[in-house]
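Chains as they are written, first to last, in the working numbering: chain A, 212 to 348; chain B, 1260 to 1406.
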């Protein structure tokens, strides 16, 4: 049951990304280009997602278990440190260069688009580099 | 500021966002997990590299499976949207490496910190979102307007 819910979640998530134009790096960079011809699309995608996310997390907070029976696993940390902010900055630079973030890149890769495949391969490499040499001890 | 009305499709953006929110709510209330793609990819990937069993990552792998099916499900009803990238292979590799290291250091990406973190009003996620948004705006400004 848990795996089925996860599969369905991933499918709907991916369809949302496609519908919202997020699998097109040109649209993402259009949003990040404040000084050029600005495309506010990504802000509306975020607003739509958070409009549903807010009540969902409010409900989840009052529940101990999910429908599948699994325990609610919501992050508890509130620490704002250099790793958190520095990681955000590195991610933002990479995002600005390519116009890809992890979810849309996977969806675009599945369509067989080579730039997304190249990006995902490098991203997996970056994750491995982090885990090998930069992981918090 | 001038808005690019040729590419901006407000209703499609909003509908896509609602779909992402719905999926996030389903994964949260159904499975008790945060729909943060960086974490969903990183956990099983780390297990693969460590040659550890993938049993514990069934949920993440199923979610990834759903993501990978999405473009094909989309194609049943609608044409695949036009996509384009304006940088070469070298830049894509650099972008991938930066994103891979960055989302692991910061523990999340546009979905984990952006959608989920902001939805649960996390101060930590807000700090990360401001950092990646600021860096993204600055990077595109430098690449498009200073060179």
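Cβ atoms here follow ideal geometry from the backbone N, Cα and C, with glycine treated the same way.
None of these values were measured; they are calculated from a predicted model.
Query: Interface flag, residue 273 of chain A vs chain B, CB-CB below 8 Å; Result: no
Query: Where residue 1396 of chain B meets chain A, residues with beta-carbon distance less than 7 Å; Result: 243, 245
Query: Delimiting residues of the alpha helix (DSSP H) encompassing residue 295 of chain A; Result: 293-309
Query: Alpha-carbon spacing of residue 320 of chain A relative to residue 1382 of chain B, whole angstroms; Result: 32 Å
Query: Counterpart residues of residue 276 of chain A in DSSP-defined beta bridges; Result: A:282
Query: Residue 249 of chain A - partner residues in DSSP beta bridges; Result: B:1262
Query: Residue 1267 of chain B at chain A interface by Cβ criterion, 8 Å; Result: yes
Query: Whole alpha helix (DSSP H) elements within the segment 1321-1386 of chain B, 4-residue minimum; Result: 1348-1364
Query: Residue 242 of chain A: first and last residue of the uninterrupted alpha helix (DSSP H) it sits in; Result: 236-243
Query: The segment 1323-1336 of chain B: positions lying closer than 9 Å to chain A by Cβ; Result: 1323, 1324, 1325, 1326, 1327, 1328, 1329, 1330, 1331, 1332, 1333, 1334
Query: C-beta contact flag for residue 220 of chain A and residue 1376 of chain B at 8 Å; Result: no
Query: Beta-carbon separation (whole angstroms), residue 264 of chain A vs residue 1280 of chain B, contact threshold 8 Å; Result: 5 Å
Query: Pick from A:212, A:225, A:344 that is closest to residue 1328 of chain B, judged by C-alpha positions; Result: A:225
Query: Exposed unless 16 or more other CB atoms sit within 10 angstroms - verdict on residue 1316 of chain B; Result: buried
Query: Within 8 Å, strictly: CB atoms of residue 259 of chain A and residue 1291 of chain B; Result: no
Query: Boundaries (first-last residue) of the alpha helix (DSSP H) holding residue 1302 of chain B; Result: 1296-1308
Query: Residue 1291 of chain B (DSSP reduced to helix, strand or coil); Result: coil
Query: Proximity winner among B:1341, B:1296, B:1395, relative to residue 1321 of chain B (alpha-carbon distances); Result: B:1296
Query: Candidates A:222, A:300, A:243, A:246: closest to residue 1331 of chain B by CA position; Result: A:222
Query: Partners in chain A for residue 1404 of chain B, counting only beta-carbon separations shorter than 9 Å; Result: 244, 246, 247
Query: Extent of the continuous alpha helix (DSSP H) to which residue 325 of chain A belongs; Result: 325-340
Query: Backbone secondary structure at residue 220 of chain A - three-state DSSP; Result: helix
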